[in-house]
Amino acid sequence: MERVLAFGCHPDDIEFMCAGTLALLAEKGFEIHLATMTAGQVGHPDLKPEQIASIRMKENENSAKILNGFFHWAGGYDLEVEYNDFYRKASVRIIREVDPLIVFTNPPFDYLIDHEETSKVVRNACYIASVPNYDRDSVFKATKRFPYLYYWNASGLKDIFGNELPLSCIVDISSVIKIKEKMLACHRSQMEWLKYHNKWADYIEIMKNQSRKEGEKINVEFAEGFIQHKGNGHPQDNILKKLLGNFCHEIKRR
Numbered sequence: 375m376e377r378v379l380a381f382g383c384h385p386d387d388i389e390f391m392c393a394g395t396l397a398l399l400a401e402k403g404f405e406i407h408l409a410t411m412t413a414g415q416v417g418h419p420d421l422k423p424e425q426i427a428s429i430r431m432k433e434n435e436n437s438a439k440i441l442n443g444f445f446h447w448a449g450g451y452d453l454e455v456e457y458n459d460f461y462r463k464a465s466v467r468i469i470r471e472v473d474p475l476i477v478f479t480n481p482p483f484d485y486l487i488d489h490e491e492t493s494k495v496v497r498n499a500c501y502i503a504s505v506p507n508y509d510r511d512s513v514f515k516a517t518k519r520f521p522y523l524y525y526w527n528a529s530g531l532k533d534i535f536g537n538e539l540p541l542s543c544i545v546d547i548s549s550v551i552k553i554k555e556k557m558l559a560c561h562r563s564q565m566e567w568l569k570y571h572n573k574w575a576d577y578i579e580i581m582k583n584q585s586r587k588e589g590e591k592i593n594v595e596f597a598e599g600f601i602q603h604k605g606n607g608h609p610q611d612n613i614l615k616k617l618l619g620n621f622c623h624e625i626k627r628r
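Each residue of the sequence shown is one higher than the one before, counting from 375 in the working numbering.
#1: Counting Cβ pairs, one atom from each stretch, are 3 or more of them under 8 Å apart for the stretch 539-548 and the stretch 616-623?
#2: Does the beta-carbon of residue 551 have 16 or more other beta-carbons within 10 angstroms, so that it is buried, or is it exposed?
#3: Looking only at its own chain, which residues have a Cβ that is under 6 Å from the Cβ of residue 386, when we skip the five neighbours before and after it?
#4: For the beta strand (DSSP E) containing residue 584, name the first residue and the last one.
#5: Where does residue 621 sit, in a helix, a strand or coil, going by DSSP?
#6: Return the chain-ordered list of same chain residues with a C-beta closer than 8 Å to the C-beta of residue 438, the five sequence neighbours on each side being excluded.
#7: Keeping to the same chain, check which residues put their C-beta closer than 6 Å to that of residue 524; ignore five residues upstream and five downstream.
#8: Specify, as a first and last residue, the run of the alpha helix (DSSP H) that residue 390 falls within.
#9: Straight-line CA distance for residue 452 to residue 462?
#10: For residue 609, which residues in the same chain have their Cβ closer than 6 Å to its Cβ, ignoring the five residues on either side in sequence?
#11: Checking the sheet assignment: what are the DSSP bridge partners for residue 594?
#12: Go ahead and pull the three-state DSSP assignment for residue 607.
#13: Can you tell me whether residue 418 is buried or exposed, with buried defined as 16 or more other CB within 10 angstroms of its CB?
#14: Secondary structure at residue 460, three-state DSSP: helix, strand or coil?
#15: Give the list of continuous alpha helix (DSSP H) stretches no shorter than 4 residues that lie fully inside the stretch 488-562.
#16: What's the gap between the Cα of residue 547 and the Cα of residue 612?
#17: Report the CB separation of residue 596 from residue 394 in whole angstroms; it is logged as a contact under 8 Å.
#18: Going by Cα to Cα distance, which pick from 383, 496, 473 is closest to residue 485?
#19: Is the stretch 503-522 touching the stretch 563-580, taking contact as three or more C-beta pairs under 8 Å?
#20: Roughly how many angstroms lie between the CA atoms of residue 470 and residue 504, to the nearest whole one?
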């Protein structure tokens, strides 16, 4: 069974931005793995970091179970993600353990530096996971391939300057929006936090409204957008189009 790895910075990043596409891939028979760089240790107005981290890890596990999937934590701390040896090795070990055909992660340009640093770390980890002499003493040995790498769209569908990112494709998730809702609803602890910090009345509706806006671009009800990484060594063909057919709408650029 082939595997897919969605590797986000915080608990709920994945559910907001790519859970629908994961659900479609699960329907195709893929084994789904969710990973987060941090445990979301600062994401609550009242609970202590260790308390909210414990809750959020359980929420992650519950979300993954909806797709009969698995959850991994890289061991990082919220708002402290950096491109350094700790995060690089932790990410490489997860990629080597899972050996995914496809990896999804945060985009290079987003509203939080934590997101951007996660994108940088995961991008490089996808490349160096196949280098045998890197972290040679780890129990997780080098992979034999480069995974397909996709960045999901920026939060709010805009970068920090209000510009749209250059999407490669948009996936119609209308048929699985209820699954995406159910996965995001697992992160109940964030309802209080997002009301407190972001002034969001209903984070499920925020997600659905964002998915609707993405869907408008391809004339469907709900969608998720992605940018394919085509750096040296990585596959150049769009595997999402091959796997998902008419659900995946490619964006042609000059």
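For each residue, glycine too, the CB sits at the ideal point set by N, CA and C.
Keep in mind that this is a model prediction, so the values were computed, not measured.
On the basis of the coordinates in this document:
#1: yes
#2: On the sequence shown, position 177 is the one that residue 551 refers to. By the neighbour-count rule (16 or more Cβ atoms within 10 Å), residue 551 is buried.
#3: Counted from its first residue, the sequence shown places residue 386 at position 12. Here the set comprises 561, 564.
#4: Within the sequence shown, numbered from 1, the residue matching residue 584 stands at position 210. Not the beta strand (DSSP E): residue 584 falls in the alpha helix (DSSP H), residues 577-590.
#5: On the sequence shown, position 247 is the one that residue 621 refers to. Three-state result, residue 621: helix.
#6: As a working mapping, residue 438 is identified with position 64 in the sequence shown. Correct list, in chain order: 406, 407, 408, 444, 445.
#7: One-based indexing of the sequence shown puts residue 524 at position 150. Once the five neighbours on either side are set aside, the close Cβ partners of residue 524 are 478, 600, 602.
#8: Locating residue 390 in the sequence shown gives position 16, where the first residue counts as 1. Residue 390 -> alpha helix (DSSP H) spans 387-391.
#9: The sequence position of residue 452 within the sequence shown is 78, counting from 1. The sequence position of residue 462 within the sequence shown is 88, counting from 1. The alpha-carbon atoms of residue 452 and residue 462 are separated by roughly 16 Å.
#10: For the purposes of this step, residue 609 is taken as the residue at position 235 of the sequence shown. 522.
#11: The residue you call residue 594 lines up with position 220 of the sequence shown. BP columns for residue 594 are empty, so no partner.
#12: Residue numbering aside, residue 607 sits at position 233 when the sequence shown is read from its first letter. Reduced to three states, the DSSP call for residue 607 is coil.
#13: The residue given as residue 418 occupies position 44 in the sequence shown. It counts as buried.
#14: Against the sequence shown, residue 460 aligns to sequence position 86. Residue 460 falls in the helix class under three-state DSSP.
#15: 551-559
#16: Locating residue 547 in the sequence shown gives position 173, counting from the first residue. Locating residue 612 in the sequence shown gives position 238, counting from the first residue. Their backbone Cα atoms lie some 17 Å apart in a straight line.
#17: As a working mapping, residue 596 is identified with position 222 in the sequence shown. As a working mapping, residue 394 is identified with position 20 in the sequence shown. Residue 596 to residue 394, Cβ: 7 Å. Contact.
#18: Here residue 485 refers to the residue found at position 111 of the sequence shown. It is 383.
#19: no
#20: As a first step, residue 470 is located in the sequence shown; it is residue number 96 there, counting from the start. As a first step, residue 504 is located in the sequence shown; it is residue number 130 there, counting from the start. Spanning the two alpha carbons is a distance of roughly 8 Å.
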